[in-house]
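Numbering (my numbering), first residue to last: 2 to 162. Ideal Cβ positions, reconstructed from N, Cα and C, are used throughout, including at glycine. Let me begin by presenting the structure, written as structure tokens, before commenting on it.
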């Protein structure tokens with residue numbers, strides 16, 4: 002449910018950007034970086050929960066998503082306290098890389114016959130450990146976290162009047 006809420010927020014922000022709703026964008030801009038850090042940190046701890054507590058074994062694509070999510074979460078937490086010149090660029094690159102893997106992983110879960118040899122036969126990437134509403138899987142949740150991070154960190158800086 003949380004990933005659907007995050008996806009809804011991201012779509013709302015996109016619509017607000019397209020309709021040039023400056024008041025809404027200004028309010029979201031105030032919390033964009035902390036919220037992106039919260040989303041990615043929640044995703045990081047969620048993946049640790051599923052692997053360490055519930056004992057779901059991560060596949061190769063899950064590991065690649067983690068390689069993007071974990072440093073992204075830590076970087077965004079630090080970026081809330083210390084300003085970096087290239088915060089936006091670093092966050093977008095990590096989120097885009099992780100989001101691309103997540104999208105491919107989710108696609109493989111839907112169409113397992115299209116595996117390009119990335120996955121291991123002992124631990125197939127198309128195995129779905131968890132699913133809600135017929136489409137929300139762990140890779141979908143990671144995809145929404147990466148997508149929302151890109152949306153939030155690329156919000157335009159509005160001039161103050």
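Please report how far the alpha carbon of residue i lies from the alpha carbon of residue j, in whole angstroms.
i	j	result
residue 154	residue 90	9 Å
residue 56	residue 35	30 Å
residue 45	residue 100	14 Å
residue 24	residue 8	21 Å
residue 51	residue 98	22 Å
residue 54	residue 22	43 Å
residue 28	residue 49	32 Å
residue 58	residue 47	13 Å
residue 109	residue 64	15 Å
residue 83	residue 26	23 Å
Alpha carbons only, please: which of the options is nearest the one belonging to residue i?
i	options	result
residue 3	57, 63, 142	142
residue 128	117, 134, 107, 118	107
residue 111	6, 40, 140, 70	140
residue 62	18, 113, 119	119
residue 71	135, 105, 95, 5	95
Compare the C-beta of residue i with all C-beta atoms of chain C and state if any pair is closer than 8 Å.
i	result
residue 94	Judged by its chain identifiers, the structure shown contains no chain C, having just a single protein chain.
Just to confirm before moving on: does the CB-CB distance between residue i and residue j stay below 8 Å?
i	j	result
residue 78	residue 42	yes
residue 20	residue 73	no
residue 152	residue 14	yes
residue 81	residue 38	yes
residue 156	residue 30	yes
residue 92	residue 68	no
Can you give the beta carbon distance from residue i to residue j, rounded, assuming they're within the 8 Å contact cut?
i	j	result
residue 66	residue 11	Contact flag wrong, Cβ pair sits at about 18 Å.
residue 147	residue 138	Between residue 138 and residue 147 the Cβ distance is about 14 Å, and since that is not below 8 Å, they are no contact.
residue 60	residue 124	5 Å
In three-state terms, what does DSSP make of residue i?
i	result
residue 81	coil
residue 119	coil
residue 58	coil
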